[in-house]
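Q: Sequence lines, in order, name chains X and C. Quick note: the first sequence uses the working numbering, first residue 52, plus one each step. Quick note: the second sequence uses the working numbering, first residue 2, plus one each step. We treat Cβ as the ideally placed atom computed from N, Cα and C, and that holds for glycine.
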Amino acid sequence: MPKVHLEKENKTVNVQAKTIAELLKKLKLNPTVCLVTVNNELVTGQYKIKSRDKIKILPVVSGG
Amino acid sequence: MCKFCKTNPVITLTNSNISLCSSCFIKYFEKKVFRTIRKFKLLDKGDTIVVGVSGGKDSLTILNILAKLAETKRDLKIKAVLIDEGIKNYRSITIKDAQKFCKEKKIQLYIYSFKKEFGYTLDEMVKKLKLNPCIICGILRRYLLNKKSRLLGAKKLATGHHLDDEAQSILMNQFKNNLELSARLGPITGVARFKNFIPRIKPLYLLTEKETATYAFLKKFNHKYVECPYSQDCFRNDIRDFLNDFENNYPGSKHGLIFSFLSVLPLLKEKYKEEKVRYCKSCKEPCAKEICNACEIIKKLK
Ligand code: SF4
Ligand SMILES: [Zn+2]
Ligand SMILES: [Zn+2]
């Protein structure tokens, strides 16, 4: 299962999903408020996840 | 796939459903900022622009693009001003980002602090006064930005406000039935206001927060996520979440809100025209009352 790092919460979770869009849905995250990187490159919701991918979710909103 | 060059996309624009790759997106973003500047006549020949920076992604993005524009328009001068409110574990971090950025880009950065200008940091003020930190922070920051940019010879004060910030403000004012405040929104404000008041411009007016974050990421201005300790549970955060949920379910809603607002804005400006010039009795800065809001706060601190 690919590992997903959540930058804002600073924690890592394991989630099974075929695409980034599905992954965000499973994590109940709104794509309008996050950027997703795979191996440090930005991707969109259509990206098809591979088993070794390093996924990071960064918040769009800056605080304050 | 990127609409133009069929490589891997980095973003899908919610209002048009177009996907773009990294280099096409950067071109799109910068072009759109330049178009916004032309469309709303945000800059004039020979302007000195002060950019209000916080060190966050929005302000570094606009600073970067205006500095880029100044490379081709020799008569345009850019300076950056940062207000250090004195917020522990927050501003101290973003200041470093701003300093590093300005050093790399060879932009003059001027830093003014609440502590030095008013005698107290925001953290200290919050302990002394029973006021919402964001209200104190906003009033004093705007006050200093206006005063200092005028002293630096600015013709305009540019900020990193983007489409999301504006959409939130519009909706907040609607919900609170405060259209007079909305009359002071828009991509350029305070032009014919009065002497000593520096007009404010928002060149990121038509770019969303997600687009801005994407640009900042691709340009590698991004840093660790830091959040102001006072930013919790405010009305704006709820409005922001509401708008973003709505945007997710009904793509293009935020743009719809902005464009419909722009078409009624001239009517609002006419209705809430400011009549008379007033200057604060205590500090001589332009204001709406006898004593300006900033001086009111300072008085309470003593
Ligand atoms: S969240 Fe409030 S206190 Fe913090 S920087 Fe913003 S306005 Fe100031
Ligand atoms: Zn492309
Ligand atoms: Zn005053």
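#1: For Val55/X and Lys105/X, what's the separation of their Cα atoms in angstroms?
#2: Would you give the residue range spanned by the beta strand (DSSP E) that Leu86/X belongs to?
#3: Look at the alpha carbon of Cys235/C and the alpha carbon of Val127/C, and state the distance between them as a whole number of angstroms.
#4: Would DSSP call Arg185/C helix, strand or coil?
#5: Under a criterion of Cβ closer than 5 Å to any non-hydrogen atom of ligand 2, which residues qualify, in chain order?
#6: Answer with yes or no whether the minimum CB distance from Glu73/X to chain C is below 7 Å.
#7: Tell me, to the nearest whole angstrom, how far the beta carbon of Ile79/C is from that of Ile108/C; I am working on the premise that it is less than 8 Å.
#8: Under 6 Å Cβ to Cβ from Val34/C, same chain only, skipping five residues before and after it: list those, please.
#9: So which residues on chain X does Tyr226/C lean against when the C-beta distance must stay under 8 Å?
#10: Based on Cα-Cα distance, which residue from Phe102/C, Pro230/C, Val52/C and Tyr216/C lies nearest to Tyr29/C?
#11: For Ser55/C, which three-state DSSP category applies?
#12: Please list the terminal residues of the continuous beta strand (DSSP E) segment that includes Ala289/C.
#13: I need the straight-line Cα distance from Ser261/C to Asn18/C, nearest angstrom please.
#14: I want to verify the contact list: residues of chain X whose CB lies under 7 Å from the CB of Asn249/C, in sequence order.
#15: Closer than 6 Å: is that where the CB of Gly253/C sits relative to any heavy atom of ligand 1?
#16: With a 10 Å radius around its C-beta and 16 neighbouring C-beta atoms as the bar for buried, classify Ala289/C as buried or exposed.
#17: Is any beta-carbon of chain C found at less than 7 Å from that of Thr95/X?
#18: Under 6 Å from any heavy atom of ligand 1, does the C-beta of Pro204/C make it?
#19: According to DSSP, Glu92/X sits in a beta bridge with which residue or residues?
#20: Could you name the residues whose beta carbon sits closer than 7 Å to any heavy atom belonging to ligand 3, keeping them in chain order?
#21: Within 10 angstroms of the Cβ of Val111/X, are there 16 or more other Cβ atoms? Answer buried if so, exposed if not.
#22: CA-CA distance, Ala168/C and Lys255/C?
#23: Looking at Tyr273/C: is its Cβ nearer than 7 Å to the Cβ of Ala184/C?
#24: Give me the chain X residues within the contact set of Lys211/C, using Cβ-Cβ distance strictly less than 9 Å, ordered along the chain.
#25: Using only CA atoms, which one of Leu64/C, Thr49/C and Gly47/C lies nearest to Thr213/C?
#26: Phe218/C touches chain X at which residues, Cβ-Cβ below 9 Å?
#27: Per DSSP, Thr62/C is paired with what?
#28: For His256/C, does the three-state DSSP call read helix, strand or coil?
#29: Relative to the C-alpha of Lys285/C, which residue among Cys6/C, Lys220/C, Val52/C and Lys148/C is closest?
#30: Quick check: what's the CA-CA separation for Asp98/C versus Gly57/C?
#31: Going by DSSP in three states, Ile79/C sits in which element: helix, strand or coil?
#32: Is Asn65/X helix, strand or coil when you go by DSSP?
#33: Quick check: is any heavy atom of ligand 5 less than 6 Å from the C-beta of Pro53/X?
#34: Between Leu130/C and Lys303/C, is the Cβ-Cβ spacing less than 7 Å?
A: So, to answer that:
#1: 7 Å
#2: Cys85 to Val89
#3: 16 Å
#4: coil
#5: Cys3/C, Phe5/C, Cys6/C, Cys22/C and Cys25/C
#6: no
#7: 6 Å
#8: Ile66 and Pro204
#9: Glu58, Lys59, Leu109, Pro110, Ser113 and Gly114
#10: Tyr216/C
#11: coil
#12: Careful: Ala289/C lies outside any beta strand (DSSP E) and carries neither H nor E.
#13: 20 Å
#14: Asn81, Pro82 and Thr83
#15: no
#16: exposed
#17: yes
#18: no
#19: Val89/X
#20: Cys281/C, Ser283/C, Cys284/C, Glu286/C, Cys288/C, Ile292/C, Cys293/C, Ala295/C and Cys296/C
#21: buried
#22: 6 Å
#23: yes
#24: Pro82, Thr83, Val84, Cys85, Leu86 and Val111
#25: Leu64/C
#26: Leu86, Thr88, Leu93 and Leu109
#27: BP columns for Thr62/C are empty, so no partner.
#28: helix
#29: Lys148/C
#30: 8 Å
#31: strand
#32: strand
#33: This structure does not include ligand 5; its bound ligands are ligand 1, ligand 2 and ligand 3.
#34: no
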